[in-house]
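**Q** Before I ask anything, here is the structure I am working with.
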Amino acid sequence: MTGASEPLSPALRRMIVVVVVGSFMTLLDSTVVNVALRRLSTDLGSPLTTVEWLVTAYLLAMAAVLPVTGWAAARFGARTVYVGAIALFTLTSLACGFAGSAGVLIALRAAQGLAGGLSMPVGQMILAREAGPARMGRVLSLTSASSILAPTLGPTIGGLLLAHGGWPWIFFVNVPIGVLAVVLALRLLPADGTTAVPAPDLPGLVAITLGSVALTYGLANLGIAGGGGPWVVAVVLLVAVVLFAGFVVRARGAAHPVADLRLFRDARYRAAATSNFFVGVSIFGAVILMPLYFQIVRHEDTVTTGLLLLPQGAGVAAALLLSGRLIERIGSGSTLLAAAVLTVAATIPFVLLRDDTPYWFLQLVMVLRGVGIGACSVPAIAASYRAIAPSKIGDATVQLNMGQRFGGSAGTALFTLVLQAGLTGAMTPAGQAAAFATTFWWVLGAAVCTAIPAAVLRRAERRVTVGT
Numbered sequence: 004m005t006g007a008s009e010p011l012s013p014a015l016r017r018m019i020v021v022v023v024v025g026s027f028m029t030l031l032d033s034t035v036v037n038v039a040l041r042r043l044s045t046d047l048g049s050p051l052t053t054v055e056w057l058v059t060a061y062l063l064a065m066a067a068v069l070p071v072t073g074w075a076a077a078r079f080g081a082r083t084v085y086v087g088a089i090a091l092f093t094l095t096s097l098a099c100g101f102a103g104s105a106g107v108l109i110a111l112r113a114a115q116g117l118a119g120g121l122s123m124p125v126g127q128m129i130l131a132r133e134a135g136p137a138r139m140g141r142v143l144s145l146t147s148a149s150s151i152l153a154p155t156l157g158p159t160i161g162g163l164l165l166a167h168g169g170w171p172w173i174f175f176v177n178v179p180i181g182v183l184a185v186v187l188a189l190r191l192l193p194a195d196g197t198t199a200v201p202a203p204d205l206p207g208l209v210a211i212t213l214g215s216v217a218l219t220y221g222l223a224n225l226g227i228a229g230g231g232g233p234w235v236v237a238v239v240l241l242v243a244v245v246l247f248a249g250f251v252v253r254a255r256g257a258a259h260p261v262a263d264l265r266l267f268r269d270a271r272y273r274a275a276a277t278s279n280f281f282v283g284v285s286i287f288g289a290v291i292l293m294p295l296y297f298q299i300v301r302h303e304d305t306v307t308t309g310l311l312l313l314p315q316g317a318g319v320a321a322a323l324l325l326s327g328r329l330i331e332r333i334g335s336g337s338t339l340l341a342a343a344v345l346t347v348a349a350t351i352p353f354v355l356l357r358d359d360t361p362y363w364f365l366q367l368v369m370v371l372r373g374v375g376i377g378a379c380s381v382p383a384i385a386a387s388y389r390a391i392a393p394s395k396i397g398d399a400t401v402q403l404n405m406g407q408r409f410g411g412s413a414g415t416a417l418f419t420l421v422l423q424a425g426l427t428g429a430m431t432p433a434g435q436a437a438a439f440a441t442t443f444w445w446v447l448g449a450a451v452c453t454a455i456p457a458a459v460l461r462r463a464e465r466r467v468t469v470g471t
């Protein structure tokens with residue numbers, strides 16, 4: 004775990020830039036659209052319950068395409084799939100800006116979701132294969148910046164675009180970025196060719212795809228009146244569980260399963276994947292809370308809210324600059340455990356949140372929490388890749404992305420339910436702040452759940468080191 008770090012080659016650095024540009028665009032777009040929903044409802048003359056499908060359609064399409072990304076990258080070539088996905092995202096962004104109705108815009112957002120669901124994991128596969136185990140930590144720490152910083156910068160950028168350009172510009176802004184990403188990808192990413200891989204197991208593919216869509220829809224609409232009612236959501240979630248169970252049974256006996264579940268036999272991979280899920284819960288699930296606190300309790304506008312979130316983004320950026328080398332020196336498990344403990348400690352002040360908590364204090368603890376969550380985001384994925392053979396990177400990437408996304412969806416659903424229950428009948432800022440404080444107890448629990456498998460991972464890595 005210690006020793007001199009292998010330097011990043013100029014070619015690898017350029018590849019990192021390509022992937023960061025593409026993933027930042029797709030992640031920023033989803034955050035900016037969330038900010039613009041009310042404006043879109045007014046301008047398109049559609050009820051908010053209809054316009055909210057702009058978010059749901061995007062999430063469902065991403066969930067539907069994710070299971071086949073590993074197979075598609077092997078069959079058609081990772082660079083080809085990545086460039087095609089970014090090009091599709093760019094073209095649909097341009098078309099979104101000219102959409103004249105909510106229905107057309109929802110359909111285009113679904114196409115965007117397909118493109119985004121392909122581009123991010125395939126870009127991650129390309130870099131993981133090129134980096135190798137020795138440079139994995141630093142490469143992932145650099146590329147993870149987009150997934151953490153995009154939700155932080157999204158509200159600010161979205162507010163500025165809405166204020167000065169109107170809602171079409173939340174889509175038009177992607178066009179020059181997308182064109183740049185395509186040009187850079189064609190010039191800088193290696194052409195890896197294609198592989199004669201067998202077609203994925205069709206029953207397993209259908210089960211995991213429909214299960215992913217059902218789970219995403221159910222979690223996105225949990226506790227929301229527009230989701231079809233509690234019984235509909237409950238049935239959808241039950242169907243998702245049945246489909247995933249069917250997929251597991253099928254994958255264990257299929258000759259060419261969609262995902263190789265045998266990876267979970269390795270204790271390091273199992274612990275890292277579990278931590279990765281709870282990272283999704285505690286980080287991406289909780290990303291909605293502080294923006295809502297500033298807007299509901301402190302009555303700040305969108306732009307000001309975005310500016311108030313920047314200190315947390317600064318903490319994340321600082322952690323990402325350091326975590327890669329830290330992983331290479333002390334190991335993924337030790338880095339993840341230390342980061343999880345810091346995240347737990349930095350979350351504790353939020354359970355005491357009040358309507359008059361000084362902004363300087365909030366900024367301080369947000370910086371600390373940003374360092375914690377920034378350092379949590381990389382070690383689990385790096386440990387997972389180090390625990391497997393290079394030929395299994397495609398399988399692992401799909402599983403890790405699904406775990407983190409479903410963790411984020413589950414966290415968002417849980418925290419939203421708790422917050423809604425607390426805000427019901429809370430007519431004063433003090434009562435509203437108390438609802439947020441109660442919700443952060445659940446965030447704290449999720450952070451603790453990240454630390455437990457991190458400790459297991461640390462022990463497993465030490466056993467492997469001693470054994471070698």
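Under the working numbering, the sequence shown has 173 at position 170, and the numbering climbs by one with no breaks.
For every residue, glycine included, the Cβ atom is placed at its ideal position computed from N, Cα and C.
Values in this document were obtained by computation on a predicted structure and should not be read as measured data.
(1) How is T453 classed by DSSP in three states: helix, strand or coil?
(2) Determine whether the Cβ of L187 lies closer than 9 Å to any Cβ atom of chain D.
(3) Between T5 and A217, what straight-line distance do the alpha-carbon atoms span, to the nearest angstrom?
(4) May I ask you to report which of helix, strand or coil DSSP gives W56?
(5) In the DSSP assignment, find the unbroken alpha helix (DSSP H) run with T431 in it and report its ends.
(6) Would the C-beta of V236 count as close to the ligand PLP, meaning under 8 Å from any of its heavy atoms?
(7) Taking just the CA atoms, how far does V459 sit from A449?
(8) Contact defined as beta carbons within less than 8 Å: I believe T45 pairs with G162. What is the distance between those atoms, to the nearest angstrom?
(9) Would the segment 102–121 count as touching the segment 62–78 if we require 3 or more Cβ pairs under 8 Å?
(10) Three or more beta-carbon pairs under 8 Å between the segment 378–385 and the segment 320–340, yes or no?
(11) Taking the alpha-carbon positions, what's the T83 to A77 distance?
(12) What distance in whole Å lies between the Cβ atoms of I396 and M123, which are believed to be in contact at a cut-off of 8 Å?
(13) Assuming the contact rule is C-beta atoms closer than 8 Å, L40 and V54 should be a hit. Round their C-beta distance to whole Å, please.
(14) Looking only at C-alpha atoms, which of L15, Y272, V244, W56 sits nearest to E133?
(15) For A7, I'd like the list of residues in its chain whose CB is within less than 8 Å of its CB, leaving aside the five on either flank, ordered along the chain.
(16) Should the segment 22–41 be regarded as contacting the segment 160–174, the criterion being three or more beta carbon pairs within less than 8 Å?
(17) With a threshold of 7 Å on Cβ separation, who are the neighbours of G414 within its own chain once the five nearest residues in sequence on each side are excluded?
(18) Should T34 be labelled buried (16 or more other beta-carbon atoms within 10 Å of its own) or exposed?
(19) Should W185 be labelled buried (16 or more other beta-carbon atoms within 10 Å of its own) or exposed?
(20) Hey, would you say G144 sits closer than 9 Å to G327, going by beta carbons?
(21) Helix, strand or coil, according to DSSP, for G288 in the structure here?
(22) Can you give me the Cβ contacts of A188 inside the same chain, cut-off strictly under 8 Å, excluding the 5 residues immediately before and after it?
(23) Using 8 Å as the threshold, is the segment 166–184 in touch with the segment 90–101, meaning 3 or more CB pairs across them?
(24) Hey, how far is the Cα of R465 from the Cα of I330?
(25) Can you say whether A275 is buried or exposed, counting buried as having 16 or more other CB atoms within 10 angstroms of its CB?
(26) G428: buried (16+ other C-beta within 10 angstroms of its C-beta) or exposed?
(27) Which whole-angstrom value describes the C-beta separation of G316 and L111, a residue pair presumed to lie in contact below a C-beta threshold of 8 Å?
(28) Give the list of continuous beta strand (DSSP E) stretches no shorter than 3 residues that lie fully inside the segment 98–128.
(29) What number of angstroms, rounded off, separates the C-alpha of R273 from the C-alpha of L313?
(30) Relative to the alpha-carbon of R190, which residue among M18, P233, A399, A257 has its alpha-carbon at the smallest distance?
(31) Assuming contact is defined by CB atoms lying nearer than 9 Å, are G157 and G377 in contact in what I supplied?
(32) Give the DSSP-derived three-state secondary structure of R301 in the structure shown.
(33) Tell me which residue opens and which closes the alpha helix (DSSP H) that N224 is part of.
(34) Spatial neighbours of L3 within its chain, please: C-beta separation below 8 Å, excluding the five flanking residues on both sides.
(35) Any contact between the segment 339–357 and the segment 249–260? By contact I mean 3 or more CB pairs, one from each, below 8 Å.
**A** By the coordinates alone:
(1) helix
(2) Protein chain content of the structure displayed is limited to a single chain, and chain D is not contained in it.
(3) In this prediction, T5 scores a pLDDT of 46, lower than 50, which makes its location untrustworthy; the coordinate-derived value is nonetheless stated afterwards. Those two C-alpha atoms are separated by around 44 Å.
(4) helix
(5) T431 -> no alpha helix (DSSP H), and no H or E assigned at all.
(6) The model depicted lacks the ligand PLP and carries no ligand whatsoever.
(7) 16 Å
(8) Actually they do not touch by this definition, with Cβ atoms about 16 Å apart.
(9) yes
(10) yes
(11) 10 Å
(12) Not quite, the Cβ-Cβ distance comes to about 15 Å (not below 8 Å), so this is no contact.
(13) 5 Å
(14) L15
(15) Low local confidence applies: a pLDDT of 48 at A7 is under 50, so the model's placement there is unreliable, with the coordinate-based value given in what follows. If we look at A7 and ignore the five residues flanking it on each side, it has no Cβ neighbours.
(16) yes
(17) G283, V284, S285, F287, G288, A289, A449
(18) buried
(19) In the sequence on display, residue 185 carries Val and not Trp. Classification for V185: buried.
(20) One detail in the question is off: residue 144 reads as Ser in this sequence, not Gly. Taking 9 Å as the Cβ cut-off, S144 and G327 qualify as a contacting pair.
(21) coil
(22) V21, G25, R82, Y85, V86, I89
(23) yes
(24) 13 Å
(25) buried
(26) exposed
(27) Not a contact, Cβ separation roughly 29 Å.
(28) none
(29) 34 Å
(30) M18
(31) no
(32) coil
(33) N224 -> no alpha helix (DSSP H), and no H or E assigned at all.
(34) Residue 3 lies beyond the residue range present for the chain, which begins at 4 and ends at 471; the question has no answer from this structure.
(35) no
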